[in-house]
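Asker: Be aware that the sequence shown starts at 3, since it is given in our numbering, and climbs by one per residue.
Each residue gets a CB set at the ideal place from its N, CA and C atoms; glycine is no exception.
The structure presented is a predicted model; accordingly, all values stated were derived computationally and were not measured.
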Amino acid sequence: MSTTQAKTSLDFLERLGIEDFNFGTSTGQESWGDRDGEIISSHTPINGDKIADVTVTSREDYEKVISKAREAFKTWRMMPGPERGEIVRQIGLELREHKEDLGKLVSYEMGKIFEEGAGEVQEMIDISDFALGQSRMLYGKTMTSEREHHRLFEQWHPLGPVGVLTAFNFPVAVYSWNTMIAAVCGDVVIWKPSEKAPLCGLAVQHLVQRVLKRNNLPEGIFNLVTGDRQVGEFMTKDRRIPLISATGSVRMGQEVAKTVGSRLGRTILELGGNNAIVISKDADLDMAIRATVFAAIGTAGQRCTTCRRLIVHDSVFDQVKERLIKAYKSATIGDPLDESTLVGPLIDEQAVKQMQKALGQLQQEGGKVVYGGEVLEGGIYDEGHYVTPALCTAKPGFEIVKEETFAPILYMMRYSDFDEAIEYHNDVTQGLSSGLFTLNLREAETFLSARGADTGICNINAGTSGAEIGGAFGGEKDTGGGREAGSDAWKAYMRRQTNAINWGTDMPLAQGIEFDI
Ligand code: UN1
3 MSTTQAKTSL DFLERLGIED FNFGTSTGQE SWGDRDGEII SSHTPINGDK
53 IADVTVTSRE DYEKVISKAR EAFKTWRMMP GPERGEIVRQ IGLELREHKE
103 DLGKLVSYEM GKIFEEGAGE VQEMIDISDF ALGQSRMLYG KTMTSEREHH
153 RLFEQWHPLG PVGVLTAFNF PVAVYSWNTM IAAVCGDVVI WKPSEKAPLC
203 GLAVQHLVQR VLKRNNLPEG IFNLVTGDRQ VGEFMTKDRR IPLISATGSV
253 RMGQEVAKTV GSRLGRTILE LGGNNAIVIS KDADLDMAIR ATVFAAIGTA
303 GQRCTTCRRL IVHDSVFDQV KERLIKAYKS ATIGDPLDES TLVGPLIDEQ
353 AVKQMQKALG QLQQEGGKVV YGGEVLEGGI YDEGHYVTPA LCTAKPGFEI
403 VKEETFAPIL YMMRYSDFDE AIEYHNDVTQ GLSSGLFTLN LREAETFLSA
453 RGADTGICNI NAGTSGAEIG GAFGGEKDTG GGREAGSDAW KAYMRRQTNA
503 INWGTDMPLA QGIEFDI
């Protein structure tokens, strides 16, 4: 482990148009909000500096936002899909232009290394391209009718305002998976970014508003509200928002599901993961080690796709452990904007405490921390929230292994028989992503089969994190069952209508029913 020092220049804030960040919530081209009202402060986890005060959206402001959104929906839903796609294409261009600045802001406000911050913006660009194509492919089916001279088909219509609640760890990409797709579908969006990363929200909002303005479109197509749980509740309780897409903890998701469900609204939930990589006796170990290190300590263990459990065949267990210790030792921990850093800080003090608590519980249950797990001290370490990633040995039955602790803790466990590895793999309540390292065809196919891994994303010879936007993203069980981004995830943002047209002169009834008067 080596250290780096903070040396952040903040000129990227100005280039993003948010140098004026001490003002109220920006919901569009105008900045508004009660400047004397409630405030959330954004601090960088790099050294604890306060970077901005952002006004919390009041109930009154929220009402203004929702009426603007509903008004804008009337225009947006009637625009041809490809024209909406054109707007999304232009957003993609803005993002390309500001990739570096926005990537830096992500890194500065949330603490992931710049390479990953820029990668996040790349996901936004990719989903814009994907959505542009999708805007011409909102396909409905045509069915053969059982009634003579009838045409039976389905079409997809926009839903209305979609509420998007995002988490601190992917403060911009997850917004775009939802928003770019919802937008081409004809929905308008109300976004509440995490209260831990509100500036990322403001920056993206400025970029998308520039595009709307240039095209003389209503600003209410893309809306931003800021605040914590209470503002989120304005949205989840609001019958005017037919769909809420929420990313965060299982507990948050349960509340969202209950509130939105009680008004029979729809949800897309992307909640906790407790993802595992299985390393078989037939694995290419070089590949397995590289993938595991990125999946376990990348983003300082704060991805929902982070690998938290490593299930290793007995015959290679010791070798894998030694090689991981070596890799962990060489990971530079420090300022995420410094090019040589691989592991940035955790988001806040609370996260450091949770990590310490989990390691304590692991030891009580009989597990061991074989490397790392310390809270770092000295220099910027004293002001930020830095830890050494922890490599541990554990047993699949431990309570702590079943929990998602949002920190870089990797629990290594042994198996001897492949069926046992699958059993251990599935023996958690979460079901987001998984990876199996093997060159054995039978193992690979078994892992992907109906009796294999029970996750939404399941890879062979690839890690648990770093999914591409082209596939549907999400997971099963406590992960919430929602799907965002690629494949046919767009359908969740639309309402399906089945249509029958009788072009004949008779009134035949379905099921052959005779009902003559
Ligand atoms: C998240 O952590 O909420 O697959 C999203 C990945 C990224 C997205 C993670 N593309 O790791």
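Who are Cys394's beta bridge partners in DSSP?
Answerer: Paired residue(s): Val371, Tyr413.
Asker: Given that a residue counts as buried once 16 or more other Cβ atoms are within 10 Å of its Cβ, and exposed if not, what is His151?
Answerer: Answer is exposed; the Cβ neighbour count stays below 16.
Asker: Tell me whether Val176, by its Cβ, gets closer than 7 Å to a heavy atom of the ligand UN1.
Answerer: Yes, the beta carbon of Val176 sits closer than 7 Å to at least one heavy atom of the ligand UN1.
Asker: For Ala2, which residues in the same chain have their Cβ closer than 7 Å to its Cβ, ignoring the five residues on either side in sequence?
Answerer: Past the boundaries of the shown model lies residue 2; the chain is included only from 3 to 519, so the question cannot be answered.
Asker: If I'm right that Ala293 touches Gly465 with Cβ under 8 Å, what's the distance once you round it to whole angstroms?
Answerer: Indeed they touch by this definition, with Cβ atoms about 4 Å apart.
Asker: Closest to Met81 by CA distance: which of Val190, Glu117, Gly229, Arg216 is it?
Answerer: Residue Val190 is the option with its Cα nearest to Met81.
Asker: Which residues bound the beta strand (DSSP E) around His315?
Answerer: Start and end: 309-315.
Asker: Mind checking Arg366: buried by the 16 CB within 10 Å criterion, or exposed?
Answerer: It should be noted that the sequence gives Gln, not Arg, for residue 366. The residue in question, Gln366, is exposed, as its Cβ has fewer than 16 Cβ neighbours within 10 Å.
Asker: Considering only DSSP beta bridges, list what Asn277 is partnered with.
Answerer: Note: Asn277 sits in a beta bridge opposite Cys309.
Asker: With hydrogens ignored, establish whether the beta-carbon of Thr57 is closer than 7 Å to any heavy atom of the ligand UN1.
Answerer: Flag unset: Cβ of Thr57 not near the ligand UN1.
Asker: Between the alpha carbons of Lys215 and Gly83, how many angstroms are there, rounded?
Answerer: Rounded to whole angstroms, Lys215 to Gly83 spans 19 Å at the Cα level.
Asker: Verify the contact flag: Arg305, CB atom, against every heavy atom of the ligand UN1, threshold strictly below 7 Å.
Answerer: True, at least one ligand heavy atom lies under 7 Å from that Cβ.
Asker: In terms of residues, what are the limits of the beta strand (DSSP E) holding Gly165?
Answerer: Note, Gly165: beta strand (DSSP E), 163-167.
Asker: Leu161 and Arg497 look like a contact to me (Cβ under 8 Å); what is the Cβ gap, rounded to whole Å?
Answerer: Leu161 to Arg497, Cβ: 5 Å. Contact.
Asker: Quick one: measure Cβ to Cβ for Gly229 and Ile42, integer angstroms, because I've assumed they're closer than 8 Å.
Answerer: Correct: roughly 7 Å between the Cβ atoms.
Asker: Please identify the residue among Ala502, Glu351, Thr500 whose C-alpha is closest to the C-alpha of Lys198.
Answerer: Among Ala502, Glu351, Thr500, the Cα nearest to that of Lys198 belongs to Glu351.
Asker: Please name the residue or residues paired with Arg268 in a DSSP beta bridge.
Answerer: In DSSP, Arg268 forms a bridge with Leu245.
Asker: By the three-class DSSP mapping on this structure, what secondary structure does Gly35 have?
Answerer: Residue placement at Gly35 is poorly supported in this model, since its pLDDT is 48, which falls under 50; the coordinates are not used for a value here.
Asker: May I have the straight-line CA-CA distance separating Thr146 from Asn504, to the nearest angstrom?
Answerer: Each residue's alpha carbon lies about 13 Å from the other.
Asker: The alpha helix (DSSP H) that contains Cys202, what's its start and end?
Answerer: Its alpha helix (DSSP H) spans residues 200-216.
Asker: Report the residue from Phe408, Ser451, Gly119, Gly380 whose alpha carbon sits nearest the alpha carbon of Gln358.
Answerer: For Gln358, the nearest C-alpha among the options comes from Phe408.
Asker: Kindly indicate which residue of Ala491, Ala169, Leu266, Ile402 has the alpha-carbon position closest to the one of Gly368.
Answerer: Among Ala491, Ala169, Leu266, Ile402, the Cα nearest to that of Gly368 is on Ile402.
Asker: Verify the contact flag: Ala278, CB atom, against every heavy atom of the ligand UN1, threshold strictly below 7 Å.
Answerer: No, since every heavy atom of the ligand UN1 falls outside the 7 Å radius drawn around the Cβ of Ala278.
Asker: Using the beta-carbon count (16 or more within 10 Å), is Ala396 buried or exposed?
Answerer: Buried, because 16 or more other Cβ atoms sit within 10 Å of the Cβ of Ala396.
Asker: Would you kindly report the start and end of the unbroken alpha helix (DSSP H) that includes Glu88?
Answerer: Per DSSP, Glu88 belongs to the alpha helix (DSSP H) from 83-99.
Asker: Closer than 7 Å: is that where the CB of Gly468 sits relative to any heavy atom of the ligand UN1?
Answerer: True, at least one ligand heavy atom lies under 7 Å from that Cβ.
Asker: Among all the DSSP beta bridges, which residues are the ones paired with Ala259?
Answerer: None, per the DSSP bridge assignment.
Asker: Where in the region 136-163 do unbroken runs of the beta strand (DSSP E), each at least 3 residues long, occur, reported from the N-terminal end onward?
Answerer: The region 136-163 contains these whole beta strand (DSSP E) runs: 152-160.
Asker: Between Ile459 and Leu438, is the Cβ-Cβ spacing less than 8 Å?
Answerer: No, the pair does not count as a contact, with Cβ atoms beyond the cut-off.
Asker: Would the region 467-487 and the region 443-458 be scored as touching if the rule is three or more Cβ pairs under 8 Å?
Answerer: At 8 Å Cβ cutoff, the stretches touch.
Asker: Is any heavy atom of the ligand UN1 found at a distance shorter than 7 Å from the C-beta of Asn171?
Answerer: Within the cutoff, so yes.
Asker: If we count the other Cβ atoms within 10 Å of its Cβ and call it buried at 16 or more, is Ala205 buried or exposed?
Answerer: With 16 or more Cβ atoms within 10 Å of its Cβ, Ala205 is classed as buried.
Asker: Tell me whether Thr249, by its Cβ, gets closer than 7 Å to a heavy atom of the ligand UN1.
Answerer: Yes - the ligand UN1 has a heavy atom lying nearer than 7 Å to the Cβ of Thr249.
Asker: Considering Leu15, what are the terminal residues of the alpha helix (DSSP H) in which it resides?
Answerer: Where Leu15 is concerned, the enclosing alpha helix (DSSP H) stretches over 13-17.
Asker: Compute the Euclidean distance between the alpha carbons of Leu201 and Val262, then round it to the nearest angstrom.
Answerer: The alpha-carbon atoms of Leu201 and Val262 are separated by roughly 27 Å.
Asker: Output the boundary residues of the beta strand (DSSP E) element that contains Arg453.
Answerer: Here Arg453 belongs to no beta strand (DSSP E), and DSSP marks it neither H nor E.
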